[in-house]
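Novice:
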Amino acid sequence: CFMATKIERNSTFAQLNSDDISYFKKFLGEKNVIQEEDALLAANIDWMHKYRGSSKLLLQPRSTEEVSQILKYCNSRRLAVVPQGGNTGLVGGSVPVFDEVIVNVSLMNNIISFDKVSGVLVCEAGCILENLISFLDNQGFIMPLDLGAKGSCQIGGNVSTNAGGLRLLRYGSLHGNVLGLEAVTANGEVLDMLSTLRKDNTGYDLKHLFIGSEGSLGIVTKVSILTPPKLSSVNVAFLACKDYFSCQKLLLEAKRKLGEILSAFEFLDEQSMTLALNYLEGVRNPLPPPLHNFYILIETTGSNESYDKEKLEAFLLGAMERDLISDGIVAQDIQQASSVWRIREGIPEALTRAGVTYKYDLSLPVDKINDLVKEMRNRLGNLATVVAYGHLGDGNLHLNISASQYDDAILAQIEPFVYEWTSKNQGSISAEHGLGLMKANKILYSKSPLTVQVMASIKKLLDPNGILNPYKVLPQSMVA
Ligand code: FAD
Ligand code: MLT
Ligand code: ZN
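Here full-length UniProt numbering is used: the first residue of the sequence shown is 83, the next is one more, and so on.
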């Protein structure tokens, strides 16, 4: 069920030989130079089971110095490298295309420091997001980002994809929250940009190049990140809307009436709910039948329980009076709140259980989102199911086309239509997942030719041999 790759291996890259393996074993140790079939199979296949590489080697460095030594060697030998974190990426960026050496910093998972006054956390890039969330919870803080893949994804992977997620609406993107980074470039040089300062206007802020560059410019080894305090009062409401127009109006009302306590505004359509109910164990709809066209999950986070409750109640009352919501509940305890979150966060998993998915992650003006969904349904008819959900509060639609298998007839109905439509409506073809392998050749739908040329120049400057995550992010023709 894998997607066929239409690109050719870059012949300037060397092939791995036994001398290379011996060299790596000398400084990494036998057990961190992995050649076992099972481990390699898992590292060669992406989370969606859509892309499959054929790497014969997975390296697990324990320190920045080891990462540096690996890259220095690979660069001099022209061995191509794919940096891999938790391998939860959704655009084929985290797996090899051919025989690239996989480098995973999962053993670099120490927390280096946490400052309770500033809320600044400094840690190694291999820390799993959920572990950072638990660590901070004990300190009375939270991570500024949260996503369904938290149990496996690494902070280095999050930074490298500039992951958005469920809290971006409230805390902003990693470009704002990441205060500093340490990264190793292709020739093994260690760039120390590990500032812990909130403000630092000294020259070009190079860390931003690494945030969202998907492993194409360097391997991120350390991260410094601003974390917000954990607030005591969290409320979750799960609401039903009869049409998309009501969802839009509800968003505007939520911004107006909930203001500073609004911490998430997520949406899912009827097709998403049906998938969650059919494919996720223990999930049930908190709202009685019949199914509704749209569901909205609203979370508020604040510091005063009675004040927050009063605000939420006034907002809900107003929304009901204006007929914006047709049904809804406010979670009565943490269990109910997390079971509502499970519906929303579980949709990607439900999709993979239902079959194969053509996944599109688009930024669009909020008023355009449902027009695209409707047009896509018309184009596909009975060929496949269109499933729409996402971070409505951020104008981010996750448009998923679910089918029993990959089929050129389906793809021809989707592409290039979806990219052209997005471009015509001033949207972005990647809101938060990145370009990876899937969209490396589509970047011009969202960026001007000159900006892409400047990106290619930066890539050439930092990685002259193009060994880092080849075939990804930028069109091959511009960097090879
Ligand atoms: P990987 O998947 O291993 O890698 C992703 C990219 O980063 C690759 O290009 C890789 O080469 C590069 N990379 C990884 N580690 C490093 C490093 N240390 N240095 C340099 N490059 C590196 N994304 C969102 O934005 N928002 C969401 O809400 C969201 N939800 C998700 C829910 C699920 C269930 C799943 C499966 C994925 C979701 N994602 C989401 C997509 C994904 O981008 C994130 O899960 C995450 O940021 C990827 O982290 P990772 O450690 O798994 O990285
Ligand atoms: C999400 O918001 O659930 C993630 O970005 C994953 C997806 O788009 O499927
Ligand atoms: Zn998302």
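Beta carbons are placed, not taken as given, at the ideal position from N, Cα and C, and that holds for glycine.
Fair warning: this is a prediction, and the values are worked out from it, not measured in the lab.
List the whole-angstrom C-beta distance separating GLY270 from ASN157, where the pair is believed to meet the contact cut-off of C-beta under 8 Å.
Specialist: Yes, GLY270 and ASN157 are in contact; Cβ-Cβ is about 7 Å, under 8 Å.
Novice: Using only alpha-carbon positions, find the residue among ALA265, PHE499, GLY548, PRO371 that is nearest to VAL187.
Specialist: Per the Cα distances, ALA265.
Novice: Answer yes or no: the CB of LEU517 versus the heavy atoms of ligand 4, is any distance below 7 Å?
Specialist: Of the ligands one can find in the structure shown, namely ligand 1, ligand 2 and ligand 3, none is ligand 4.
Novice: In three-state terms, what does DSSP make of ILE343?
Specialist: Reduced to three states, the DSSP call for ILE343 is helix.
Novice: Report buried or exposed for LEU98, applying the criterion of at least 16 other Cβ atoms within 10 angstroms of its Cβ.
Specialist: Buried, by the Cβ-count rule.
Novice: I want to check one thing, is the minimum distance from the CB of GLU90 to the heavy atoms of ligand 1 below 7 Å?
Specialist: Because no heavy atom of ligand 1 lies under 7 Å away, the Cβ of GLU90 does not count as near it: no.
Novice: In the structure shown, what three-state DSSP assignment does PHE397 receive?
Specialist: Helix.
Novice: For GLY364, tell me which candidate among LEU122, GLU457, TYR133, SER421 has the shortest Cα-Cα distance.
Specialist: Measuring from the Cα of GLY364, the nearest candidate turns out to be SER421.
Novice: Specify the secondary structure class of SER315 as computed by DSSP and reduced to three states.
Specialist: Three-state DSSP puts SER315 in a strand.
Novice: Closer than 8 Å by C-beta to LEU359: which residues in its own chain qualify, once you throw out the five before and the five after it? Chain order, please.
Specialist: Within the same chain, LEU359 has close Cβ partners VAL365, ARG366, ASN367.
Novice: Would ILE215 and SER234 qualify as a contact pair, given that the criterion is a beta-carbon distance under 8 Å?
Specialist: Contact: no.
Novice: Hey, is the segment 176-191 in contact with the segment 280-287, meaning 3+ C-beta pairs nearer than 8 Å?
Specialist: The segment 176-191 is not in contact with the segment 280-287.
Novice: Hey, PHE499 and ARG461 are a contact pair by Cβ (cut 8 Å); roughly how many whole angstroms apart?
Specialist: That pair is a contact at about 7 Å.
Novice: Pick from SER345, PHE292, ALA396: whose alpha carbon is nearest that of THR382?
Specialist: Considering only alpha carbons, the answer is SER345.
Novice: Taking ILE511 as part of the alpha helix (DSSP H), name the residues at either end of that continuous run.
Specialist: Run containing ILE511: none; DSSP gives neither H nor E here.
Novice: Under a three-way DSSP split, which group does SER484 fall into?
Specialist: If DSSP states are grouped into helix, strand and coil, SER484 belongs with the strands.
Novice: Please report the distance separating the alpha-carbon of ALA538 from that of LEU526.
Specialist: C-alpha separation (whole angstroms): 13 Å.
Novice: Checking 8 Å against the spacing of the C-beta atoms, do THR87 and TRP129 come in under that value?
Specialist: Taking 8 Å as the Cβ cut-off, THR87 and TRP129 do not qualify as a contacting pair.
Novice: Alpha carbons only, please: which of ASP351, LEU465, ASP409, ASN464 is nearest the one belonging to HIS473?
Specialist: For the residues ASP351, LEU465, ASP409, ASN464, the minimum Cα distance to HIS473 belongs to ASP351.
Novice: Can you list, in chain order, the residues of its chain whose CB lies under 8 Å from that of residue 71, leaving out five sequence neighbours each side?
Specialist: The chain is shown from 83 up to 562; residue 71 falls before or after that span and cannot be answered.
Novice: Less than 6 Å between C-beta atoms, sequence neighbours within five positions excluded: which residues of the same chain meet that for ASP476?
Specialist: LEU250, LEU251, listed in sequence order.
Novice: How many angstroms separate the CA atom of TYR133 from the CA atom of MET85?
Specialist: C-alpha separation (whole angstroms): 6 Å.
Novice: Any residues whose CB sits closer than 7 Å to a heavy atom of ligand 3? List them in chain order?
Specialist: Taking each Cβ in turn, the ones that pass are LEU229, GLY246, GLY247, ASP443, GLY472, HIS473, ASN478, HIS480, GLU514.
Novice: Pull up the distance between the alpha-carbon of VAL561 and that of TYR488, whole angstroms please.
Specialist: Taking the straight line joining both Cα atoms gives about 29 Å.
Novice: What residues in its chain sit with their C-beta under 6 Å from that of PRO371, if we drop five residues either side in the sequence?
Specialist: Answer for PRO371: no residue qualifies.
Novice: To which residues of the same chain is LEU141 closer than 8 Å at the C-beta, ignoring the five residues directly before and after it?
Specialist: Cβ neighbours of LEU141 beyond the five flanking positions: PHE106, LEU110, ASN114, VAL115, ILE116, ILE152, VAL183, ILE184, VAL185, ASN186.
Novice: What's the C-alpha gap between GLU392 and LEU446?
Specialist: One C-alpha to the other measures close to 33 Å.
Novice: May I ask whether a heavy atom of ligand 2 can be found less than 7 Å away from the beta carbon of PRO447?
Specialist: For ligand 2, not one heavy atom lies less than 7 Å from the Cβ of PRO447.
Novice: Might you give, ordered along the chain, the residues of its own chain that have their beta carbon closer than 8 Å to the beta carbon of ASN192, omitting 5 neighbours on each side?
Specialist: Excluding sequence neighbours, ASN192 sits near CYS205, GLU206, CYS209.
Novice: Quick check on ILE404: buried or exposed, where buried means 16 or more other Cβ atoms within 10 Å of its Cβ?
Specialist: At residue 404 the sequence reads Arg, which differs from the Ile that was named. The residue is exposed, with fewer than 16 neighbouring Cβ atoms inside 10 Å.
Novice: Measuring only from the beta carbon, is SER150 closer than 7 Å to any heavy atom that is part of ligand 1?
Specialist: No, since every heavy atom of ligand 1 falls outside the 7 Å radius drawn around the Cβ of SER150.
Novice: Quick check: what's the CA-CA separation for ILE496 versus ALA396?
Specialist: Those two C-alpha atoms are separated by around 42 Å.
Novice: Pull up the CB-CB distance for VAL305 and VAL272, whole angstroms please, since I reckon it's below 8 Å.
Specialist: Actually they are not in contact, since the Cβ atoms of VAL305 and VAL272 sit about 14 Å apart, beyond 8 Å.
Novice: On the DSSP letters alone, give me the boundaries of the alpha helix (DSSP H) that VAL204 sits inside.
Specialist: VAL204 -> not in any alpha helix (DSSP H); beta strand (DSSP E) instead, spanning 202-206.
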